[in-house]
């Protein structure tokens with residue numbers, strides 16, 4: 340794997356989400372010139388969802404890394420909260436929250452998490 344993008348924050352706020360998801364998309368577009376606009380849109384959306392969850396639920400510092408893989412890219416968001424997100428409550432049809440991990444599962448090739456004593460990493464992969 341080769342690192343395309345890495346950013347860390349010691350005091351993250353929700354304002355980092357839009358700018359960072361655009362930077363991630365730009366980094367992926369430079370590496371992966373054969374992907375469709377829809378794939379780039381999916382990567383940008385999922386990146387935003389993972390970052391928003393980390394900002395809202397987790398403890399700083401936060402780090403995002405984007406790496407190449409043989410068949411695509413891998414995005415990892417690491418935070419210093421070893422707790423996993425609680426299961427989402429049933430949502431109203433028009434609710435603006437509670438769908439991030441569902442979208443991640445639908446739009447990515449694979450996703451998951453790794454937890455240790457002091458932190459967790461949520462990862463997602465997109466293939467060509």
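Numbering (the numbering used here), first residue to last: 340 to 467. In this text, a Cβ means the ideal position worked out from N, Cα and C, and glycines have one as well.
When you compare the CB positions of residue i and residue j, do they come within less than 9 Å of one another, or not?
i, j, result
"residue 390", "residue 356", "yes"
"residue 453", "residue 399", "no"
"residue 467", "residue 397", "no"
In whole angstroms, give me the CA-to-CA distance for residue i and residue j.
i, j, result
"residue 348", "residue 375", "30 Å"
"residue 345", "residue 422", "23 Å"
"residue 381", "residue 447", "8 Å"
"residue 464", "residue 407", "10 Å"
"residue 387", "residue 443", "10 Å"
"residue 441", "residue 451", "12 Å"
"residue 377", "residue 438", "19 Å"
"residue 379", "residue 455", "31 Å"
"residue 362", "residue 383", "9 Å"
"residue 401", "residue 342", "17 Å"
"residue 373", "residue 365", "14 Å"
"residue 445", "residue 385", "10 Å"
Give me the Cβ distance between residue i and residue j, rounded to the nearest whole Å; I'm assuming they're in contact under 8 Å.
i, j, result
"residue 405", "residue 412", "6 Å"
"residue 460", "residue 417", "4 Å"
"residue 415", "residue 462", "5 Å"
To which residues of the same chain is residue i closer than 7 Å at the C-beta, ignoring the five residues directly before and after it?
i, result
"residue 457", "419, 421"
"residue 449", "464"
Please return the same chain residues whose Cβ sits closer than 8 Å to the Cβ of residue i, not counting the five positions on each side in sequence.
i, result
"residue 353", "391, 394, 395"
"residue 340", "406, 407, 408, 413"
Take residue i and list the residues in its own chain whose beta-carbon comes closer than 6 Å to its own, dropping the five residues that flank it on each side.
i, result
"residue 403", "346, 416"
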